[in-house]
Amino acid sequence: MVLEIQTEDKLEYKFIPNTTQAVKLKVKAANDAHVALTQEPQEGTPMYEIFFGGWGNSKIAMRKNREKPEVVTQDMPNTLSADIFKEFWITWYDGTIAVGVGENATPLLVWSDPTFRALFVGIRTGWGATGSWIVEDNWPGWRSPQAAFLQSANEPGWNVPSTPGTAPTWVPCSGGTVPPDAVAGGFDQEQLYVGRAHHCGALLPGKVHPSHGVCYVAWGGSEHGIPEYEVLCGCQPSWVPATGNQVPPSALPAGHSEDNEPLFVGRAQHDDKMVIGKVQKSHSACYISYAGLEIPKEEYEVLVM
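Just so it is clear: in the sequence shown, position 123 is 123 by full-length UniProt numbering, and no numbers are missing.
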């Protein structure tokens with residue numbers, strides 16, 4: 001649904017329900033166009049606010065629970081205009097809040113919060129500015145797989161469960177293809193999905209990077225891009241914080257090492273990216289692949305059912 005909304009010079013949010021965990025916004029304002037992500041149609045805790053054109057129309061910033069300092073900021077002179085619409089997008093699924101500009105899929109702001117959920121989007125203008133907004137709350141560009149599944153499950157060519165949230169299924173794919181109900185779990189300029197691939201006698205959990213056409217896995221100190229892989233589908237798992245070899249009993253076995261040790265799906269933050277990898281209990285680490293390297297993380301999150 002596309003909504004046209006006017007906001008006064010008044011620091012009170014107008015709230016819109018949202019179930020897609022993604023929104024595209026066009027706004028015409030001199031400065032200080034604010035967006036809130038909340039669980040209720042009101043300010044509360046937890047919540048995030050994204051400030052477009054604050055600080056004299058010079059930057060974009062994200063604030064958590066109305067507390068300073070901001071968790072992340074980005075300088076952007078002339079962020080807004082009182083004469084023309086400026087376009088932005090926000091996504092907040094799978095524990096990652098991302099903010100971008102126009103049709104550029106690379107976010108300007110990224111922040112990880114694995115427990116955050118939002119069902120409402122609030123908009124407002126203030127500090128001397130009024131605003132004209134065009135809000136597209138069913139924007140399909142970065143919709144979460146679970147939300148997109150409701151519209152795309154009938155597309156031909158996929159043998160997937162009839163409803164999301166059922167038993168986990170590994171679906172064979174290749175070349176960057178991702179089924180409609182794939183499990184997302186990370187973000188690196190685009191949504192990353194939980195995958196696994198065979199390499200050197202092992203079946204390794206890793207990250208499917210759609211635009212790269214491969215599933216990246218970590219092995220032997222390096223990152224390996226595998227064009228044929230499997231994608232985790234048909235379920236809605238959770239991510240649980242873990243350390244070392246403390247893997248929860250409900251963790252999903254997702255592969256094995258070349259020595260047949262069970263491997264699990266994990267993820268960890270690296271360089272402001274949320275990266276999916278493999279958890280190997282005997283090594284007390286989650287190994288992620290990034291920039292050509294295999295990187296061990298002692299603190300991570302593990303996928304559980």
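Glycine included, every Cβ here is placed at the ideal spot set by N, Cα and C. Quick caveat: nothing in here was measured; it's all calculated off a predicted structure.
Excluding sequence positions up to five away, which residues of its chain have a Cβ less than 6 Å from the Cβ of residue 174? For the purposes of this step, residue 174 is taken as the residue at position 174 of the sequence shown. Excluding residues within five positions, the ones whose Cβ falls inside 6 Å are 227 and 228.
Cβ atoms of residue 91 and residue 33: under 7 Å apart, would you say? Taking the first residue of the sequence shown as 1, we reach residue 33 at position 33. Taking the first residue of the sequence shown as 1, we reach residue 91 at position 91. It is not a contact, given that the beta carbons lie outside the stated cut-off.
Should residue 62 be labelled buried (16 or more other beta-carbon atoms within 10 Å of its own) or exposed? What you label residue 62 is simply residue 62 of the sequence shown in a count that begins at 1. Buried, because 16 or more other Cβ atoms sit within 10 Å of the Cβ of residue 62.
Kindly indicate the opening and closing residues of the beta strand (DSSP E) around residue 195. For this step, residue 195 is matched to residue 195 along the sequence shown. Unbroken beta strand (DSSP E) run through residue 195: 191-199.
Under three-state DSSP, which class holds residue 163? For the purposes of this step, residue 163 is taken as the residue at position 163 of the sequence shown. In this predicted model, residue 163 has a pLDDT of only 38, less than 50, meaning its place in the structure is not dependable enough to derive any value.
Pull up the distance between the alpha-carbon of residue 12 and that of residue 42, whole angstroms please. Start at 1 with the first residue of the sequence shown, and residue 12 comes out as number 12. Start at 1 with the first residue of the sequence shown, and residue 42 comes out as number 42. Whole-angstrom Cα-Cα distance: 9 Å.
In terms of alpha-carbon separation, which member of 210, 68 and 24 lies closest to residue 180? Within the sequence shown, residue 180 is the residue found at index 180, counting from 1. Per the Cα distances, 210.
Quick check on DSSP: helix, strand or coil for residue 141? To locate residue 141, count along the sequence shown from 1; it is residue 141. Here residue 141 scores only 48 on pLDDT, less than 50, and its place in the model is too uncertain to base an answer on.
Going by alpha carbons, who is nearest to residue 78 out of 59, 71 and 286? The residue given as residue 78 occupies position 78 in the sequence shown. The candidate whose alpha carbon is nearest that of residue 78 is 59.
Which partner residues of residue 309 appear in the DSSP bridge assignment? Residue 309 lies beyond the range of the chain shown here (1 to 305); nothing can be said about it.
Excluding the five sequence neighbours on either side, which residues of its own chain have a C-beta within less than 6 Å of the C-beta of residue 287, listed in chain order? Position 287 of the sequence shown, counted from the first residue, corresponds to residue 287. 218, 277, 278, 294 and 296.
Residues of its chain near residue 213, where Cβ-Cβ distance is below 7 Å and the 5 sequence neighbours each way are ignored: Here residue 213 corresponds to residue number 213 of the sequence shown, with the count starting at 1. So the qualifying residues of the chain are 175, 176 and 227.
Quick one: grab the DSSP three-state call for residue 95. Along the sequence shown, read from residue 1 onward, the residue named residue 95 stands at position 95. Residue state, collapsed to three classes: coil.
Taking only three categories from DSSP, how would you classify residue 211? As a first step, residue 211 must be located in the sequence shown, where it is residue number 211. Three-state result, residue 211: helix.
What ranges does the beta strand (DSSP E) occupy inside the region 15-47, keeping only unbroken runs of at least 3 residues that lie completely in it? 22-28 and 33-38
Mind checking who residue 68 pairs with in its DSSP beta bridge? In the sequence shown, the residue the question calls residue 68 occupies position 68. Partner(s): none; residue 68 has no beta bridge.
Suppose you measure from the CA of residue 190 to the CA of residue 233; what does that come to, to the nearest Å? The residue labelled residue 190 in the question sits at position 190 within the sequence shown. The residue labelled residue 233 in the question sits at position 233 within the sequence shown. Those two C-alpha atoms are separated by around 18 Å.
Residue 127 by DSSP, collapsed to three states: which one? Residue 127 sits at position 127 when you count from the first residue of the sequence shown. Correct three-state label for residue 127: coil.
According to DSSP, what are the bridge partners of residue 262? On the sequence shown, position 262 is the one that residue 262 refers to. Partner(s): 256.
On the three-state DSSP scale, how would you describe residue 277? Within the sequence shown, the letter at position 277 stands for residue 277. Residue state, collapsed to three classes: strand.
In three-state terms, what does DSSP make of residue 56? Position 56 of the sequence shown, counted from the start, is the residue given in the question as residue 56. Residue 56 falls in the helix class under three-state DSSP.
For residue 289 versus residue 193, is the C-beta spacing smaller than 7 Å? Within the sequence shown, the letter at position 289 stands for residue 289. Within the sequence shown, the letter at position 193 stands for residue 193. No, they are not a contact pair.
DSSP state of residue 284 mapped onto helix, strand, coil: The count along the sequence shown starts at 1 and reaches residue 284 at position 284. It is coil, neither helix nor strand.
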